[in-house]
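Colleague: Below is one structure. I have some questions about it.
There are 2 protein chains.
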Amino acid sequence: MGQAVTIQDVAKLAGVSPATVSRVINGNGVVARHLADRVRAAVDTLDYRPNAVARSLRRKSAAVWQLIISDIENPFFTSMVRGVEDVAHAAGCSVVLCNADEDLGKERRYIEVALAERMSGVILSPASEEESEVEPLLRRGIPVVTVDRTLAERPATVHSVVTDNHRGAQLATAELLGAGYKSVACITGPLRVTTAQGRLAGYRSALASAGVRPRPELVRVADYKETGGRDAMLSLLELADPPEAVFVANNRMTIGALAAARQRSVSIPGDLGLVGFDDMTWSALTCCPLTTIAQPTYDVGASAARLLLEGPPGPSRPAKTVVLQPTLVVRGSSRR
Amino acid sequence: MGQAVTIQDVAKLAGVSPATVSRVINGNGVVARHLADRVRAAVDTLDYRPNAVARSLRRKSAAVWQLIISDIENPFFTSMVRGVEDVAHAAGCSVVLCNADEDLGKERRYIEVALAERMSGVILSPASEEESEVEPLLRRGIPVVTVDRTLAERPATVHSVVTDNHRGAQLATAELLGAGYKSVACITGPLRVTTAQGRLAGYRSALASAGVRPRPELVRVADYKETGGRDAMLSLLELADPPEAVFVANNRMTIGALAAARQRSVSIPGDLGLVGFDDMTWSALTCCPLTTIAQPTYDVGASAARLLLEGPPGPSRPAKTVVLQPTLVVRGSSRR
DNA sequence: CTGAAAGCGCTAACAG
DNA sequence: CTGTTAGCGCTTTCAG
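Protein chains in written order, with the numbering used here: chain F, 5 to 340; chain Y, 5 to 340.
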């Protein structure tokens, strides 16, 4: 239960004041060469580690960023993490990751943690465009950047990074239409989330561009998880006039949709064309290799981190929205 | 940039001392009903949130656990997270997740963070049996539990939770042998990690039990990532006398191995039998549905969290190792 | 260039 | 039952 060694102990051993030790450690002020050397020696022999808690209390802010992701079981979010970490570490900040699990309650709880721990920045992929609450952070001067998704109320107060969901969905839908599938369904996510809205809108706009009459019964709003994708697909397949193809708006739902198709012995791409959103390491390995919309996940994270470093928007600096472009990866599932 | 409201402000508004406010908030000591009500009212009107940093400094420990996982892009680890979170939250602790990325340097860095932030516990899946350094934590009285993997040096000082890797690998290998594949290869992970050792040993022991002569050239040590799995598989396929089947010791390498087989037009299970370690949501969707060894991921996390709650081992309480059993999930890839 | 002193916001003795 | 007091370990004026 070793007592932690404090700055006092170091000061005593080096024969200087705590203030001098602090200056040496933080590179503030100017300290005579020989004293600085003595301090460093003392730090080494005592194996001193500054107490980050005391430092944060004094400085009124911790060198820690909080990254609140919507779903830790979704590889899109986890592969974004690396982008955030690399930029944060280069800037001397630690990143702590929290999993809100698409649950507004958990998200709120983690925002409380950020507040309580005086974190110096928060990167959030909000569980809801309308209901996610970032004001308390902003009021305390903690900068917020949203990733992947945006917030309805705060266009002027938070930066954000998104991919062009509308365009991604258009690419996906147009690919299926171009391959000769006459009717295309869409399984999107919860509409409280901006990505689900954008992907649905892009789907509709692609139908319109192609002069295809939209059939509302071909749209399903699911939960961005496997079971939701499966149920949505099963219900589409039960239609009297089932769709010839389907655009599935995220990776986890694509898994469910594929499972449903297999369960009903619907073969892809023969009986049904399919394009999924998010490319995965295993996308080429499914029974019929998957055509997908790939997002630049690392860049999404890295851009968000850079925006956080820029500091919050203000009167002179308007809030930025960085929009990254997705790409269509054509494999077998969209071409019969 | 709202000034944070402090316990002093609340005390003033409620007409009591800060100590009384503290007692009400923490439920310590006894406070007269009417005073407590006034305090709670003041807390509400001021929207007061205790400063967790100051509290940690005073209490010399934060109500935060750190979970250091080896690889955030590996679904095994991410699905373990939920188990940890649920137990932690029930115990009033927050969990921060850190990604060591199988890198001893990053792992060390995050251990420094735990030390600096005076976290109240650490759950770690060590990047190396020998080189991962937890002593500094133990010296400061911070309890450590290892998950998924164990440490060589500290059997008596840290609890751990693992799955029975030896048995899992035996099940996998025996399944392939039982299906009639004469020669079975093994692609395992970095041998500095105990899971990789255990799975290799289990593979060997299954060969021995079946009276199959081991062929050392059929063993590959890779990196637990897709590229390593792919390269290992390619090199196995190039052998003059290639194996009839392969046991791949983790999920990410299985993806690489499947990609390699496809690239070389090796068909599964006809040309090659395959069993992977870790079951995934998409395991049934690959070209040939995958036979896998499934681990109880949620329980691994939850058990680790419960061990952390129990407190560190001591003279009276020996270190525990909880061993959970994996199960064989038979699908197409192991039966020709 | 260096040290003394004050205080970040909270909790835990200790009095009353 | 409640208030006063004294720090937790650090950084940062302010003197010297």
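Where is the CB? At the ideal position from N, CA and C, for every residue including glycine.
The structure presented is a predicted model; accordingly, all values stated were derived computationally and were not measured.
8 Å is my cut-off, CB to CB: does Y:Cys291 come that close to chain F?
Modeller: Yes, because at least one Cβ of chain F sits closer than 8 Å to the Cβ of Y:Cys291.
Colleague: Roughly how many angstroms separate the alpha carbons of Y:Val165 and Y:Val149, rounded to a whole number?
Modeller: Each residue's Cα considered, the two are about 8 Å apart.
Colleague: How is the alpha helix (DSSP H) around Y:Ser209 delimited, first residue to last?
Modeller: Run containing Y:Ser209: 198-213, per the alpha helix (DSSP H) assignment.
Colleague: Compare the C-alpha of Y:Glu341 against each of Y:Ile259, Y:Glu139, Y:Leu155, Y:Arg122 and name the closest.
Modeller: This structure gives no information on residue 341 of chain Y, because the portion of chain Y shown stretches from 5 to 340.
Colleague: What residues of chain Y sit near F:Ile341, judged by a beta carbon separation below 8 Å?
Modeller: Nothing about residue 341 of chain F can be read from this structure; chain F reaches only from 5 to 340.
Colleague: If the cut-off is 9 Å on Cβ atoms, which residues from the stretch 43-58 of chain Y count as contacting chain F, listed in chain order?
Modeller: Listed by position along the chain: Asp51, Arg53, Pro54, Asn55, Ala56, Val57, Ala58.
Colleague: Using the C-alpha atoms, what's the distance from Y:Arg171 back to F:Thr231?
Modeller: Cα-Cα distance, rounded: 31 Å.
Colleague: If you scan the stretch 79-156 of chain F from start to end, which runs of the beta strand (DSSP E) of 3 or more residues do you find wholly inside it?
Modeller: Fully enclosed beta strand (DSSP E) runs of 3 or longer: 98-103, 123-128, 148-151.
Colleague: For a cutoff of 8 Å on Cβ pairs, would you count F:Cys97 as touching chain Y?
Modeller: It does not: the Cβ of F:Cys97 has no partner Cβ on chain Y nearer than 8 Å.
Colleague: Examine chain Y for any beta-carbon lying closer than 8 Å to the beta-carbon of F:Met5, and answer yes or no.
Modeller: Residue confidence for F:Met5 is low, a pLDDT of 48 falling below 50, so the modelled location carries little weight and cannot support an answer.
Colleague: Suppose contacts are defined by Cβ-Cβ distances below 8 Å. Is F:Pro273 in contact with F:Ala298 by that definition?
Modeller: Result no, Cβ atoms of F:Pro273 and F:Ala298 do not sit closer than 8 Å.
Colleague: What residues from the stretch 255-281 of chain F come within 8 Å of chain Y, judged by C-beta to C-beta, listed N to C?
Modeller: Result list: Arg256, Ile259, Leu262, Ala263, Arg266.
Colleague: For F:Pro79, return the contacting residues in chain Y, with the cut-off set at a CB-CB distance below 9 Å.
Modeller: Chain Y residues near F:Pro79: Glu77, Pro79, Thr82.
Colleague: Comparing C-alpha positions only, which one of F:Leu119, F:Gly33, F:Pro218 sits nearest to Y:Tyr52?
Modeller: Minimum Cα distance to Y:Tyr52 is reached at F:Leu119.
Colleague: In or out: Y:Ala173 buried (at least 16 other Cβ within 10 Å) or exposed?
Modeller: Answer is buried; the Cβ neighbour count reaches 16.
Colleague: Figure out for me which residue from F:Arg59, F:Gly96, F:Gly145, F:Arg153 has the closest Cα to the Cα of F:Ile72.
Modeller: Cα-wise, what sits closest to F:Ile72 is F:Arg153.
Colleague: Taking 8 Å as the limit between beta carbons, can you name the residues of its chain near Y:Ser307, skipping five residues before and five after?
Modeller: Contacts found: Gly87, Val165, Val326, Leu328.
Colleague: I want to see whether chain Y comes within less than 8 Å of F:Ala298, judged by CB atoms only; does it?
Modeller: Chain Y, which has no Cβ nearer than 8 Å to the Cβ of F:Ala298, makes this no.
Colleague: Check whether the Cβ atoms of Y:Arg219 and Y:Leu240 sit closer than 8 Å, and answer yes or no.
Modeller: Not in contact: Y:Arg219 and Y:Leu240 (Cβ atoms no closer than 8 Å).
Colleague: Assuming F:Ala66 contacts F:Glu121 under a Cβ cut-off of 8 Å, what Cβ separation, rounded to an integer in Å, is found between them?
Modeller: About 6 Å; that satisfies the 8 Å criterion.
Colleague: Taking C-beta pairs closer than 8 Å, name the residues in chain Y that F:Arg208 reaches, listed in chain order.
Modeller: Correct list: empty, because the minimum Cβ distance to chain Y is about 28 Å.
Colleague: Measure from the C-beta of Y:Ser26 to each C-beta in chain F and report whether the shortest distance is under 8 Å.
Modeller: Taking Cβ atoms only, chain F never reaches closer than 8 Å to Y:Ser26, which makes this a no.
Colleague: Which whole-angstrom value is the C-beta distance of F:Glu77 and Y:Pro79, which I expect to be below 8 Å?
Modeller: 7 Å between Cβ atoms; contact.
Colleague: So is the beta-carbon of Y:Ala226 under 7 Å away from any non-hydrogen atom of the ligand HEM?
Modeller: Although the ligand HEM was asked about, the structure shown includes no ligands whatsoever.
Colleague: Measuring alpha carbon to alpha carbon, tell me which of F:Thr82, F:Val138, F:Ala92, F:Ile146 ends up nearest F:Arg113.
Modeller: It is F:Val138.
Colleague: Does the Cβ-Cβ distance between F:Ala261 and F:Leu289 come in under 8 Å?
Modeller: No. Outside cutoff.
Colleague: Under 8 Å, Cβ to Cβ, is there at least one residue of chain F near Y:Asn103?
Modeller: Yes, Y:Asn103 counts as interfacial toward chain F.
Colleague: Exposed or buried, what is F:Arg217 when buried is set at 16 or more other beta-carbons lying within 10 Å of its beta-carbon?
Modeller: Exposed, because fewer than 16 other Cβ atoms sit within 10 Å of the Cβ of F:Arg217.
Colleague: Using alpha carbons as the reference points, say which of F:Val162, F:Ala160, F:Ser209, F:Thr161 lies closest to F:Thr177.
Modeller: The shortest C-alpha separation from F:Thr177 is found at F:Ser209.
Colleague: Which residues of chain F have a Cβ atom closer than 9 Å to the Cβ of Y:Arg122, listed in chain order?
Modeller: Neighbours of Y:Arg122 on chain F, chain order: Ala8, Asn55, Ala56, Val57.
Colleague: Anything in the stretch 158-190 of chain F with a Cβ closer than 7 Å to a Cβ of chain Y? List those residues in chain order, please.
Modeller: Answer set for the stretch 158-190 of chain F: empty.
Colleague: Given that a residue counts as buried once 16 or more other Cβ atoms are within 10 Å of its Cβ, and exposed if not, what is F:Val34?
Modeller: Looking at its Cβ environment, which holds fewer than 16 other Cβ atoms inside 10 Å, F:Val34 is exposed.
Colleague: What in chain Y is Cβ-close to F:Ser60, meaning under 8 Å?
Modeller: Ordered by position in chain Y, the residues that pass the 8 Å Cβ test against F:Ser60 are Val57.
Colleague: Based on Cα-Cα distance, which residue from F:Thr296, F:Arg310, F:Lys324, F:His163 lies nearest to F:Val334?
Modeller: Comparing Cα-Cα distances from F:Val334 to each of F:Thr296, F:Arg310, F:Lys324, F:His163, the minimum goes to F:Thr296.
Colleague: Would you tell me roughly how many angstroms separate the C-alpha atoms of F:Arg340 and F:Val126, rounded to the nearest one?
Modeller: The alpha-carbon atoms of F:Arg340 and F:Val126 are separated by roughly 45 Å.
Colleague: Anyone know if the C-beta pair for Y:Val100 and F:Leu141 falls short of 8 Å?
Modeller: No; because the gap between Cβ atoms is not below 8 Å, this pair is not in contact.
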